[in-house]
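Written out below as structure tokens is the structure these notes cover.
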Amino acid sequence: MSEEDESMSEQSNELGLDFILSLDDVPSKLPPHLELFKTRVLCSNDAPIHTDTIQYSGAYATLGVDNSLRLDSFCEKFKVEVKRLTDSDIEFDMIGIDPAIANAFRRILIAEVPTMAIERVYIANNTSVIQDEVLSHRLGLVPIRADPRLFEYPDNAGDEKNEKNTIVFKLRARCQLGQPRITVKSDKLKWLPNGSELPCEDAKPNAGSKPKTFTSFTCSQDSLPEFSSNPISLTYTDIILAKLGPGQEIELEVHAVKGIGRTHAKWSPVATAWYRMLPEVVLLEDVEGEMADELKKKCPVNVFDIEDIGKGRRRATVARPRDCTLCRECIRAGKEWEDRVSLRRVKNHFIFTVESTGALPPEVLFTEAVKILEDKCERVITELS
Amino acid sequence: MEHGSYSDPSKATFSFVDEDHTFANSVRFSLNQDPRVSFCGYSIPHPSDNRVNIRIQTTGDPAREVLIDACQDLMVMCQHVRGTFDKAVSDFKKGKTRKGKKDMDVE
């Protein structure tokens, strides 16, 4: 049990307001009920209330309370706690930040952090049942493991496709006559570090010199230091691209370029990125005996535990508030349950989850997202001054 | 681009192309936290346009300067978030390897 969980289970013994006021991140100046409304979403039986955040600096001016944000106090109170970190996903708690900023990070992660994705498909031959355009679309969605920071955005004006902005793969698959059907998976996509091998259509056959292809690489990509040790590949090699019957054949070449998810979801670096506010379950009065059993049974995610308090008496405690999905099953039975159990969400505590598609590790994605917001601010500052 | 008046710089609308809710909502938060701001809000005039208008009215200071300060505040916040996050991740990784070693020792 982490420290946080312990403090959360302790709270169940206390009245809700006292607990909130005892938190050190809550200034004690505001009257307790306003403080509660400001920092918590209250989830009553019919609907959540006090869902808005109070941003305006003068919101409590009549009470003599300053609501403006001081950067130093933000820096002091802001906390990040990593809960889970794997190659593909990360879960962390971000504490002490406004939803406006947290949501900006989420939006940037989904739509504005660049990756490499297949943008052009040159089909030399496709006799399979899957149509060219459908196959191209499927290819576009295949995640590529290549660090987008090492590439440049394709230059719209010039038609230059070089080793700095294009990754080329080829796919050759053929099902021999008389053989059973084969499944073409993404491992058939072979990286071509030297660029395109297909001759350009308008190039005149010129004996002696190399035929002109669709790309003009000045050097091989695997000779570059950033790729020689870490070759470009696909994140998953078992993605089904097509199925071939006897005699059918696919021969094509694909070009991957850098882009952002706002243009097309194939460039989104995350499977998804989301956050939820920390649930807080507070027992407003002692729930004992059979009622405690009833409460424990009501909860489908098993938030409550029962503890012995001596003399054969038993009392319900909030053991796992983080698991609460806010199904409100525990307060559905009537007003008396609503008075016993208070379901809340902490407005400035976000449980952030980022699932990477594999181009970059999830923790790098988040720092990239924060950098992008910084860049936006910087751009506006230079534009204005 | 700024739309305001020469005589009264304390009120202005700023129009940004290639920005959306991501930036506008964060900067609105940042502006709202500034006591010099008496009103601020943003709108996206048409969903097909990549444009956002941010309206700022202040208690006297030039709106432009207040917006620059808000952006700077936002940047400082972002830098702090990034620093804290990187530290939390490296601490987590360190803790994990230490834990892994301990487990191996037990074995």
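Quick note, the sequences are listed as chains A and B, same order. Under our numbering, the letters of the first sequence match residues 1 to 385, in that order. Under our numbering, the letters of the second sequence match residues 1001 to 1107, in that order. We put the CB at the ideal spot given by N, CA and C, even for glycine.
Presumed contact (8 Å Cβ cut-off) between residue i and residue j, rounded CB distance
| i | j | result |
| --- | --- | --- |
| residue 302 of chain A | residue 217 of chain A | Between residue 217 of chain A and residue 302 of chain A the Cβ distance is about 58 Å, and since that is not below 8 Å, they are no contact. |
| residue 269 of chain A | residue 113 of chain A | 5 Å |
| residue 144 of chain A | residue 117 of chain A | 7 Å |
| residue 77 of chain A | residue 64 of chain A | At roughly 22 Å, the Cβ-Cβ gap does not stay under 8 Å, so residue 77 of chain A and residue 64 of chain A are not in contact. |
Backbone CA spacing between residue i and residue j [nearest angstrom]
| i | j | result |
| --- | --- | --- |
| residue 1087 of chain B | residue 80 of chain A | 9 Å |
| residue 53 of chain A | residue 294 of chain A | 35 Å |
| residue 251 of chain A | residue 1025 of chain B | 48 Å |
| residue 388 of chain A | residue 255 of chain A | Here chain A covers residues 1 to 385 and nothing more, so residue 388 of chain A does not appear. |
| residue 322 of chain A | residue 1068 of chain B | 39 Å |
| residue 264 of chain A | residue 137 of chain A | 11 Å |
| residue 374 of chain A | residue 1075 of chain B | 5 Å |
| residue 331 of chain A | residue 341 of chain A | 7 Å |
| residue 10 of chain A | residue 316 of chain A | Residue placement at residue 10 of chain A is poorly supported in this model, since its pLDDT is 49, which falls under 50; the coordinates are not used for a value here. |
| residue 276 of chain A | residue 68 of chain A | 25 Å |
| residue 89 of chain A | residue 354 of chain A | 6 Å |
| residue 1106 of chain B | residue 245 of chain A | Below a pLDDT of 50, predicted positions are generally treated as unreliable, and residue 1106 of chain B, at 48, falls in that range; the measurement from the model is reported next regardless. Between residue 1106 of chain B and residue 245 of chain A, the C-alpha separation is close to 55 Å. |
| residue 103 of chain A | residue 1029 of chain B | 12 Å |
| residue 292 of chain A | residue 1066 of chain B | 55 Å |
| residue 345 of chain A | residue 132 of chain A | 49 Å |
| residue 378 of chain A | residue 262 of chain A | 21 Å |
| residue 1013 of chain B | residue 328 of chain A | 44 Å |
| residue 1009 of chain B | residue 1038 of chain B | 14 Å |
| residue 57 of chain A | residue 1034 of chain B | 6 Å |
Cutoff 8 Å: residue i Cβ touching any chain A Cβ
| i | result |
| --- | --- |
| residue 1088 of chain B | yes |
| residue 1045 of chain B | no |
| residue 1097 of chain B | no |
| residue 1035 of chain B | yes |
| residue 1003 of chain B | no |
| residue 1026 of chain B | yes |
| residue 1076 of chain B | yes |
| residue 1058 of chain B | no |
| residue 1081 of chain B | yes |
| residue 1084 of chain B | yes |
| residue 1053 of chain B | no |
| residue 1008 of chain B | no |
Residue i, buried or exposed, once every other Cβ within 10 Å from all chains shown has been counted against 16
| i | result |
| --- | --- |
| residue 73 of chain A | exposed |
| residue 1036 of chain B | buried |
| residue 318 of chain A | buried |
| residue 282 of chain A | buried |
| residue 154 of chain A | buried |
| residue 107 of chain A | buried |
| residue 1006 of chain B | exposed |
| residue 248 of chain A | buried |
| residue 385 of chain A | exposed |
| residue 1073 of chain B | buried |
Option nearest residue i by Cα separation, candidates the options
| i | options | result |
| --- | --- | --- |
| residue 1085 of chain B | A:378, A:135 and A:365 | A:365 |
| residue 224 of chain A | A:63, A:352 and A:193 | A:193 |
| residue 164 of chain A | A:171, A:272 and A:152 | A:152 |
| residue 1093 of chain B | A:83, A:51 and A:380 | A:83 |
| residue 1011 of chain B | B:1061, B:1091 and B:1097 | B:1061 |
| residue 142 of chain A | A:305, A:274, A:103 and A:241 | A:241 |
| residue 140 of chain A | A:229, A:126, A:127 and A:169 | A:169 |
| residue 304 of chain A | A:286, A:310 and A:311 | A:286 |
| residue 239 of chain A | A:258, A:187, A:233 and A:280 | A:187 |
| residue 220 of chain A | A:260, A:177 and A:167 | A:167 |
| residue 100 of chain A | B:1049, B:1083, B:1032 and B:1048 | B:1032 |
| residue 93 of chain A | A:314, A:326 and A:279 | A:279 |
| residue 381 of chain A | B:1008, B:1020 and B:1027 | B:1027 |
| residue 237 of chain A | A:215, A:226 and A:183 | A:183 |
| residue 260 of chain A | A:109, A:32, A:33 and A:38 | A:109 |
| residue 1055 of chain B | B:1047, B:1048, B:1049 and B:1064 | B:1064 |
| residue 273 of chain A | A:42, A:31 and A:111 | A:111 |
Minimum Cβ-Cβ distance from residue i to chain B less than 8 Å
| i | result |
| --- | --- |
| residue 68 of chain A | yes |
| residue 380 of chain A | yes |
| residue 100 of chain A | yes |
| residue 103 of chain A | yes |
| residue 153 of chain A | no |
| residue 108 of chain A | yes |
| residue 384 of chain A | yes |
| residue 41 of chain A | no |
| residue 55 of chain A | yes |
| residue 354 of chain A | no |
| residue 37 of chain A | no |
| residue 367 of chain A | yes |
| residue 330 of chain A | no |
| residue 91 of chain A | no |
| residue 370 of chain A | yes |
| residue 373 of chain A | yes |
| residue 81 of chain A | yes |
Contact test: residue i Cβ vs the ligand ADP heavy atom, cutoff 7 Å
| i | result |
| --- | --- |
| residue 245 of chain A | The model on display carries no ligand, and the ligand ADP is accordingly not part of it. |
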